[in-house]
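Using our numbering, the letters of the sequence shown map in sequence onto residues 1459 to 1940.
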Amino acid sequence: MSQDSYVEEITPQGEDFSRWYLDVVQKAQLADYAPVRGCVAVRPYGFAIWEAMQSNLDERFKATGVENAYFPLLIPESIFKKEAEHIEGFAPEAPWVTHAGEEELSEKLVIRPSSETIIGTMFSRWIQSYRDLPMVLNQWCSVVRWEKATYPFIRTSEFLWQEGHTCHRDENDARKRARMMVGVYRDFLQEELAVPVIDGIKSEREKFAGAVDTFTVEALMGDGRGLQAGTSHYLGDGFARVMDIKFLDEDGEHKLVHQTSWGVSHRLIGAVIMVHGDDRGLRLPPKIAPKQAVIVPIYRQDSRSEVLQQANRLQQELAEARISVHLDDREGYTPGWKFNDWEMRGVPIRLELGPRDMEDEQVVLVRRDTGDKESVSWSGLAQKTTDVLDDISENMFKQALDFREKNTRAVDEMSQLKEIISGPRGYVLAGWCGDAGCEAQVKEKTGATIQCIPFDEAKYSEQACLCCGSESGRTVVFARPY
Ligand SMILES: [Zn+2]
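Structure representation (structure tokens):
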């Protein structure tokens, strides 16, 4: 097998980005289609990425006072229906459990599409006094929504996520928490996933139906489409009213709590693939890469044991320096085939150890982000690898930011927006007066939706509405979304 024959199996991004994405998901063994409508099986390599994200996020949550809990997968119809009194919600996409064995259940159970109602029911029991507040809980679980179209990690009927649910004494405290969590998501995406985001607020039309305000982090994918990467909602006291979550305040009055909810899902894996991937496959940010470095030994039969012995020694040294390193000593594959395989799987650093390197007591270090090669002496390898991993993190963020900046354009006419959305795509900055009618017209005429109204007001000044021309507009971010 020639060195290039392996990567040729991946469709080039420029030819068909969506095909490229599906090729990477399958060939890097991240996920596979399961024999269940709209569902995928997450394979060990994909799940290891999720676990790395999960443990990092969990630490960040707990640093802000979040506690984890777990609530039932099945929700009785009578409880689930309460949500409908408040918003239309998730009922249209909810699957139901009606039988246990042959026996029909006395009450249908819904498989959770989200847990507001079941958690709200428990909140109403657990919260009595202002002393019980704030209550700040998070649940790691999967939820089910009967989606029509499947796109691995981005849209599946069952998906992994976390859902935070909090109760507060007043609006101010709840709003502070909602903004805090969108900040946690922003920092996580930028610092760990090397994905630059724009944080902001959703328009009325795009927000979660049960929310007073929805805050969001938005990222631009490699094909110029926008992805909502995480949201945090200030819910007001609407759910509290229907779920009867009240507390006795210091002044002796019973009051409704103010709530927030916030979540990210395993679509973040999809974001990492689509922001960083290239024609050779995946490129993983070092901080969430299950394997940060791979050692590929190169030998003939007569040098085999000597090379492998040294490779083992280096592996151990790197592991002691807390670098996640893998020694690829598989028989029956050429070094060239292994290089391509690990490039496709996105491992940030490859270390090649051959007969000449043995003589010079060095390895050849190859970066996945740039393809640059350099020789590094064994004695300084652990430190060098650590430094290069840090540099790769920074560089990948910079590359993604450069891409976003090149693909962000300002316009003041609807026709220009349409041209960009049907052509190169990307983010389009334009003025919007705040009217839902204008927003709907823009979507109908161009296919673009408002990704967010950015928090950073200084950077996005006032501008006339591109639909009605009203001078009272603010600059917002349009894109064709996933
Ligand atoms: Zn307008």
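Think of the CB as a built atom: it goes at the ideal place given N, C-alpha and C, for glycine as much as any other residue. Given the structure is predicted, the values throughout are model-derived calculations rather than measurements.
When you compare each of 1895, 1683, 1643, 1531 to residue 1880 by their alpha carbons, which one comes out closest?
-> The residue given as residue 1880 occupies position 422 in the sequence shown. Of the candidates 1895, 1683, 1643, 1531, the one whose C-alpha sits nearest the C-alpha of residue 1880 is 1683.
Indicate the three-state DSSP secondary structure (helix, strand or coil) for residue 1667 in the structure shown.
-> As a first step, residue 1667 is located in the sequence shown; it is residue number 209 there, counting from the start. In this structure, residue 1667 counts as coil in the three-state DSSP scheme.
Do the CB positions of residue 1706 and residue 1675 come within less than 8 Å of each other?
-> Here the question's residue 1706 lines up with position 248 in the sequence shown. Here the question's residue 1675 lines up with position 217 in the sequence shown. Contact: no.
For ligand 1, is there a heavy atom less than 7 Å away from the beta-carbon of residue 1928?
-> Sequence index remark: in the sequence shown, residue 1928 carries index 470 (1-based). Yes, since a heavy atom of ligand 1 falls inside the 7 Å radius drawn around the Cβ of residue 1928.
I think residue 1489 touches residue 1740, with their Cβ atoms under 8 Å apart; what is that distance to the nearest whole Å?
-> Against the sequence shown, residue 1489 aligns to sequence position 31. Against the sequence shown, residue 1740 aligns to sequence position 282. That belief does not hold up - the Cβ atoms of residue 1489 and residue 1740 are roughly 12 Å apart, past 8 Å.
Residue 1917 versus 1868, 1926, 1494, residue with shortest Cα-Cα distance = As a working mapping, residue 1917 is identified with position 459 in the sequence shown. The option with the nearest alpha carbon to residue 1917 is 1868.
From which residue to which residue does the alpha helix (DSSP H) around residue 1584 run?
-> The sequence position of residue 1584 within the sequence shown is 126, counting from 1. Taken as a continuous stretch (DSSP letters only), the alpha helix (DSSP H) holding residue 1584 covers 1574-1584.
Under the three-state DSSP convention, the category residue 1808 falls into | Against the sequence shown, residue 1808 aligns to sequence position 350. DSSP places residue 1808 in strand when its eight states are reduced to three.
Contact under 8 Å by Cβ, residue 1602 with residue 1615 = Here residue 1602 corresponds to residue number 144 of the sequence shown, with the count starting at 1. Here residue 1615 corresponds to residue number 157 of the sequence shown, with the count starting at 1. In contact: residue 1602 and residue 1615 (Cβ atoms closer than 8 Å).
In terms of residues, what are the limits of the beta strand (DSSP E) holding residue 1717?
-> In the sequence shown, the residue the question calls residue 1717 occupies position 259. Here the beta strand (DSSP E) through residue 1717 covers 1716-1723.
For residue 1625, the three-state DSSP class (helix, strand or coil) | Here residue 1625 refers to the residue found at position 167 when the sequence shown is read from its first residue. Residue state, collapsed to three classes: strand.
Residue 1699 to residue 1541, Cα distance in whole Å?
-> Your numbering for residue 1699 matches position 241 in the sequence shown. Your numbering for residue 1541 matches position 83 in the sequence shown. Looking at the two C-alpha atoms, the distance is approximately 10 Å.
Contacting residues, own chain, Cβ-Cβ under 6 Å from residue 1747 (five flanking each side not counted) = For the purposes of this step, residue 1747 is taken as the residue at position 289 of the sequence shown. So the qualifying residues of the chain are 1806.
According to DSSP, which residues form a beta bridge with residue 1489?
-> Residue 1489 sits at position 31 when you count from the first residue of the sequence shown. Its beta-bridge partners are 1500.
Along the chain, where does the alpha helix (DSSP H) that runs through residue 1840 open and close?
-> The count along the sequence shown starts at 1 and reaches residue 1840 at position 382. Element bounds for residue 1840: 1839-1864.
Alpha-carbon spacing of residue 1460 relative to residue 1856, whole angstroms = Taking the sequence shown and counting its residues from 1, one reaches residue 1460 at position 2. Taking the sequence shown and counting its residues from 1, one reaches residue 1856 at position 398. Only weak support is given to the placement of residue 1460: the predicted model assigns it a pLDDT of 46, under 50, and the value that follows is read from those uncertain coordinates. Residue 1460 and residue 1856: Cα-Cα distance of roughly 33 Å.
Are the Cβ atoms of residue 1655 and residue 1687 separated by less than 8 Å?
-> Counting from 1 along the sequence shown, the entry for residue 1655 is found at position 197. Counting from 1 along the sequence shown, the entry for residue 1687 is found at position 229. Contact flag set, yes.
Examine ligand 1 and report whether any of its heavy atoms sits within less than 7 Å of the Cβ of residue 1923.
-> If you number the sequence shown from 1, residue 1923 lands on position 465. Yes, since a heavy atom of ligand 1 falls inside the 7 Å radius drawn around the Cβ of residue 1923.
Reducing DSSP to helix, strand and coil, say where residue 1598 ends up.
-> Position 140 of the sequence shown, counted from the first residue, corresponds to residue 1598. Of the three classes helix, strand and coil, the one that applies to residue 1598 here is strand, per DSSP.
N- and C-terminal bounds of the beta strand (DSSP E) containing residue 1656 | For this step, residue 1656 is matched to residue 198 along the sequence shown. Note, residue 1656: beta strand (DSSP E), 1656-1659.
Just to check, is the beta-carbon of residue 1896 closer than 7 Å to a non-hydrogen atom of ligand 1?
-> Here the question's residue 1896 lines up with position 438 in the sequence shown. Yes, since a heavy atom of ligand 1 falls inside the 7 Å radius drawn around the Cβ of residue 1896.
Alpha helix (DSSP H) containing residue 1564: first to last residue?
-> Residue 1564 sits at position 106 when you count from the first residue of the sequence shown. Segment 1561-1569 is the beta strand (DSSP E) holding residue 1564; no alpha helix (DSSP H) there.
Check whether the Cβ of residue 1702 sits closer than 7 Å to any heavy atom of ligand 1, and report yes or no.
-> On the sequence shown, position 244 is the one that residue 1702 refers to. Flag unset: Cβ of residue 1702 not near ligand 1.
Run the CB neighbour count on residue 1810, radius 10 Å, all protein chains shown included, and call it buried at 16 or more, exposed below.
-> Translated into the one-based positions of the sequence shown, residue 1810 becomes position 352. Residue burial is scored here from C-beta neighbours: residue 1810 has at least 16 other C-beta atoms within 10 angstroms and is therefore classed as buried.
Under 7 Å Cβ to Cβ from residue 1491, same chain only, skipping five residues before and after it: list those, please.
-> Numbered from 1 along the sequence shown, position 33 holds the residue referred to as residue 1491. Taken in chain order, the residues that qualify are 1498.
Return yes when the C-beta of residue 1893 is under 7 Å from any heavy atom of ligand 1, and no when it is not.
-> On the sequence shown, residue 1893 is found 435 positions in, with the first residue counted as 1. Yes, the beta carbon of residue 1893 sits closer than 7 Å to at least one heavy atom of ligand 1.
Where residue 1593 sits in the DSSP three-state scheme | Counting from one through the sequence shown, the residue named residue 1593 turns up at place 135. The three-state reading of DSSP puts residue 1593 in strand, counting E and B together.
DSSP beta-bridge partners for residue 1675?
-> As a position in the sequence shown, residue 1675 is number 217, starting the count at 1. Note: residue 1675 sits in a beta bridge opposite 1657, 1688.
Kindly give me the distance between the Cβ atoms of residue 1889 and residue 1923, rounded to whole angstroms, as I take these residues to be in contact under 8 Å.
-> Within the sequence shown, residue 1889 is the residue found at index 431, counting from 1. Within the sequence shown, residue 1923 is the residue found at index 465, counting from 1. The Cβ separation is near 5 Å, so the contact holds.
Does the beta carbon of residue 1679 fall short of 7 Å from some heavy atom of ligand 2?
-> Of the ligands this structure carries, namely ligand 1, none is ligand 2.
Do residue 1783 and residue 1753 have their CB atoms nearer than 8 Å?
-> Translated into positions along the sequence shown, residue 1783 becomes position 325. Translated into positions along the sequence shown, residue 1753 becomes position 295. Yes, the Cβ-Cβ distance between residue 1783 and residue 1753 is below 8 Å.
Rounded to whole angstroms, what's the CA-CA distance from residue 1679 to residue 1906? Just pull it up for me.
-> Numbered from 1 along the sequence shown, position 221 holds the residue referred to as residue 1679. Numbered from 1 along the sequence shown, position 448 holds the residue referred to as residue 1906. Looking at the two C-alpha atoms, the distance is approximately 15 Å.
Does any C-beta atom of chain C lie closer than 8 Å to the C-beta of residue 1591?
-> No chain C is present in this structure, which holds just one protein chain.
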